[in-house]
Amino acid sequence: MIQSIQTLGVFIRLILAMVWLCLLTLPLWAQNATDEEPTAEEVQSESYKAPVIVDGDTLFYLRGSSALPAPERAERVQQKIIEVAEASNANEVTITFEETEFGIRIFADGVQISIVTDADSVLDQMELNVLSVLHGDAIEQSIESYRANRTEQARVSGAIEAAGWTIGFAVFIVVILWMHRRIRRRTLMFVQRYLKDVETATAKSVQAEAIAALIRYGLNFILLIVFFLGFYYYLSFVLLAFAETRYFAQLLLTYLTQPVLQIAKGIISYIPNLIMLALISWITLYVIKGMRVFFDAVEAGTFDLGDFEKHWVNPTFNIARVVVILIALVFAVPYIPGSDSAAFQGLTILMGAMLSLGANSVVSNMLAGLFVIYRRSTSIGDRIQIGEHIGDVVRIKLMETHLKSIKNELISIPNAQLMNSDVVNFSKKTDGNGLLLHTTVGIGYEEPPEKIEAMLIEAAHRTKGIKAKPEPFVLWTALADYAINYQINGFTTRGSSIPKIRSDLHRNIVAVFNENAVQIMTPSYMADPPEPKIPAEGWDGHLAHETHEDADKS
1 MIQSIQTLGV FIRLILAMVW LCLLTLPLWA QNATDEEPTA EEVQSESYKA PVIVDGDTLF
61 YLRGSSALPA PERAERVQQK IIEVAEASNA NEVTITFEET EFGIRIFADG VQISIVTDAD
121 SVLDQMELNV LSVLHGDAIE QSIESYRANR TEQARVSGAI EAAGWTIGFA VFIVVILWMH
181 RRIRRRTLMF VQRYLKDVET ATAKSVQAEA IAALIRYGLN FILLIVFFLG FYYYLSFVLL
241 AFAETRYFAQ LLLTYLTQPV LQIAKGIISY IPNLIMLALI SWITLYVIKG MRVFFDAVEA
301 GTFDLGDFEK HWVNPTFNIA RVVVILIALV FAVPYIPGSD SAAFQGLTIL MGAMLSLGAN
361 SVVSNMLAGL FVIYRRSTSI GDRIQIGEHI GDVVRIKLME THLKSIKNEL ISIPNAQLMN
421 SDVVNFSKKT DGNGLLLHTT VGIGYEEPPE KIEAMLIEAA HRTKGIKAKP EPFVLWTALA
481 DYAINYQING FTTRGSSIPK IRSDLHRNIV AVFNENAVQI MTPSYMADPP EPKIPAEGWD
541 GHLAHETHED ADKS
């Protein structure tokens with residue numbers, strides 16, 4: 001209840017502010033409408049004319065001259081008509097005419113009102129006698145109407161009419177307040193019924209209250225516009241009920257009604273175009289739904305398109321959808337309101353220039369994304385290496401590719417970088433042998449090479465993930481200053497486990513070399529130590545040299 005009273009108070013204050021504003025601007029409107037000074041060129045023009053207005057009704061137009069401009073002449077005639085109308089309360093007016101050398105004079109109740117000249121008849125393209133009779137009839141009707149509208153009966157009727165409009169406006173305010181409260185309740189019910197599920201499904205990424213607030217704001221804004229229109233027309237009709245304010249009421253109605261009527265006429269005239277736009281939209285949506293059904297069937301395996309891979313389904317559908325929408329836009333542009341205007345064409349050119357100048361990187365990434373998707377070198381689930389980044393491809397988007405690193409980090413790489421960089425794919429199989437895993441160790445020249453090669457091959461055999469067939473092999477990669485660099489190579493088909501396999505291979509190399517009392521000379525060598533730099537104990541806790549002696553005795 002308190003909230004309703006507060007809302008009513010806000011509306012009342014708004015009404016008072018609007019009334020005060022309108023009362024302040026009415027003299028300005030009247031001045032702009034009646035006292036606007038013409039320019040010198042307009043005064044000298046023979047086609048310039050000004051209206052004679054009484055109580056908001058335009059009686060006729062008068063031509064001006066250099067000595068007596070048209071607005072000044074029309075104002076004098078208007079004042080004469082009002083003086084004659086206020087001089088008597090008679091229901092009838094006597095109109096007489098007198099021909100002179102300057103034209104035909106018009107008298108009302110013996111008072112000269114106006115003179116119709118030959119210039120006026122030329123301007124209106126009408127004979128002088130006929131034009132003077134028409135002016136006289138207009139003056140007679142204007143005076144009779146002026147007197148009738150200011151009788152006691154007319155004022156009582158106007159007061160009753162204004163009271164009726166006031167009662168109707170009060171009912172209108174009550175309806176507005178009721179709708180305002182109903183909007184709030186309905187919005188809360190809508191949130192509880194529909195948007196709570198949306199909030200739960202999106203893990204509160206979409207806040208139901210925020211959506212409800214936006215809906216409530218939009219509806220209240222529409223309600224405020226309706227209230228303003230209602231108050232505007234209420235004020236106009238109240239002013240229209242009294243003769244003294246009827247002219248201002250007509251100004252109010254003209255200022256608002258003409259734009260509203262123009263908008264309404266524009267909407268009505270565009271109904272055929274809107275029907276065509278709706279038809280184009282419906283056909284476009286229908287075609288897109290049909291393509292979605294087709295590509296879903298391709299993804300499910302119902303349709304076999306040969307070498308068409310499943311991860312191509314969504315990007316191909318998106319490309320086809322964009323093409324269909326662009327074709328629909330080409331057909332729809334001629335039916336869009338204002339599409340043939342210079343402003344619309346200039347805006348189109350501006351948007352094209354902005355896209356061409358500011359979207360180079362975006363377009364390059366999009367084109368690179370298409371190449372990445374369709375060139376078959378990288379697929380979702382592959383383990384790849386791009387520069388320093390190694391990870392599994394989890395998503396290929398139009399602008400970027402997402403990798404999940406071996407440390408479970410999400411790495412986003414622009415597709416343009418993916419196109420311009422060397423990509424190592426550990427998951428693609430080039431032949432049946434698999435990937436060749438390798439690592440390098442440096443061993444001194446004093447050790448027998450056959451022994452070193454056997455130990456490296458033994459370490460490869462102990463490593464899970466390295467294939468026994470084909471056999472691992474050793475390459476001599478360099479004859480360094482103090483050591484020979486041996487490279488052990490082994491085949492593996494587990495591309496996604498290479499870091500773990502390489503780690504196990506290193507562990508086994510160290511274990512085998514320690515078991516055979518051979519020290520690894522890398523990364524640097526200064527001098528031969530008194531004793532080999534190998535662990536004093538083996539992996540089982542015994543001394544390494546005791547283990548080797550027991551092995552020799554056995």
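With the first letter of the sequence shown counted as 1, position 114 gets the number 114 in this note's numbering; the numbers rise by one all the way through.
Glycine included, each C-beta is placed from N, C-alpha and C at the ideal position.
Note that the structure is predicted; figures quoted are calculated from it, not measured.
Leaving out five residues on either side along the sequence, give the residues of the same chain with a beta carbon under 8 Å from the beta carbon of residue i.
i: Ser496; result: Arg383, Asp392, Phe426 and Ser427
i: Ala154; result: Ala148 and Ala243
i: Asn273; result: Tyr335, Ile336 and Pro337
i: Pro470; result: Asn433 and Phe491
i: Ala212; result: Thr187, Leu188, Phe190, Val191 and Leu195
i: Phe331; result: Ile280
i: Leu305; result: Val298
i: Thr439; result: Gln487, Ile488, Arg502, Leu505, His506 and Ile509
i: Glu144; result: Asn91, Glu92 and Val93
i: Glu453; result: Val474 and Tyr486
Taking buried to mean at least 16 other C-beta atoms within 10 Å of its own C-beta, is residue i buried or exposed?
i: Ile488; result: buried
i: Leu240; result: buried
i: Ser341; result: exposed
i: Pro71; result: buried
i: Phe513; result: buried
i: Tyr445; result: exposed
i: Ile413; result: buried
i: Pro27; result: Residue placement at Pro27 cannot be trusted, given a pLDDT of 45 that sits under 50; what the coordinates show is reported in the next sentence. It counts as exposed.
i: Tyr217; result: exposed
i: Gln345; result: exposed
i: Trp165; result: buried
i: Met351; result: exposed
i: Phe231; result: buried
Taking only three categories from DSSP, how would you classify residue i?
i: Ile498; result: helix
i: Glu446; result: coil
i: Gln141; result: helix
i: Val518; result: coil
i: Gly290; result: helix
i: Asp392; result: strand
i: Asn149; result: coil
i: Tyr482; result: coil
i: Tyr335; result: helix
i: Glu101; result: coil
i: Thr348; result: helix
i: Ala108; result: strand
i: Thr302; result: coil
i: Asn489; result: strand
i: Thr284; result: helix
i: Ile466; result: coil
i: Phe308; result: coil
i: Ile95; result: strand
Along the chain, where does the beta strand (DSSP E) that runs through residue i open and close?
i: Ser114; result: Val111 to Val116
i: Pro414; result: Leu410 to Pro414
i: Lys49; result: Lys49 to Val54
i: Phe317; result: Careful: Phe317 lies outside any beta strand (DSSP E), inside the alpha helix (DSSP H) at Val313 to Ala332.
i: Leu62; result: Asp57 to Arg63
i: Gln385; result: Arg383 to Ile386
i: Ser405; result: Glu400 to Ser405
i: Asn425; result: Val423 to Asn425
Identify the continuous alpha helix (DSSP H) that holds residue i and give its terminal residues.
i: Ala170; result: Glu152 to Phe190
i: Phe248; result: Arg246 to Ser269
i: Ala74; result: Ala70 to Ala87
My understanding is that residue i touches residue j, with C-beta atoms under 8 Å, so please give their C-beta distance in whole angstroms.
i: Asn420; j: Glu400; result: Incorrect: roughly 14 Å between the Cβ atoms, too far for contact.
i: Ile484; j: Gly442; result: 7 Å
i: Tyr146; j: Ala85; result: 4 Å
i: Leu235; j: Leu224; result: No, Leu235 and Leu224 are not in contact; Cβ-Cβ is about 16 Å, not under 8 Å.
Here's a check: name, in chain order, each residue in its chain whose Cβ is nearer than 7 Å to the Cβ of residue i, leaving out the five neighbours to either side.
i: Val77; result: Val52, Leu62, Ile113 and Ser114
i: Ser132; result: Phe97, Ile104, Ile106 and Val116
i: Leu410; result: His402 and Lys404
Between residue i and the rest of its own chain, which residues show a CB-CB distance below 6 Å, the 5 nearest in sequence each way excluded?
i: Phe295; result: Val313 and Phe317
i: Gln385; result: Val424
i: Ile466; result: Ala460, Gly490 and Thr492
i: Glu75; result: none
i: Asp303; result: Note that residue 303 is Phe in the sequence shown here, rather than Asp. Here the set comprises Ala297.
i: Leu59; result: Val52, Ala138 and Ser142
i: Leu56; result: What sits at residue 56 in the sequence shown is Gly, not Leu. Once the five neighbours on either side are set aside, the close Cβ partners of Gly56 are Arg246, Tyr247 and Gln250.
Hey, is residue i's beta-carbon within less than 8 Å of any beta-carbon in chain C?
i: Ile173; result: No chain C appears in this structure, which consists of one protein chain only.
Regarding residue i and the ligand MN, is the C-beta to nearest heavy atom distance less than 7 Å?
i: Tyr217; result: Among the components modelled here there is no ligand, and therefore nothing to report on the ligand MN.
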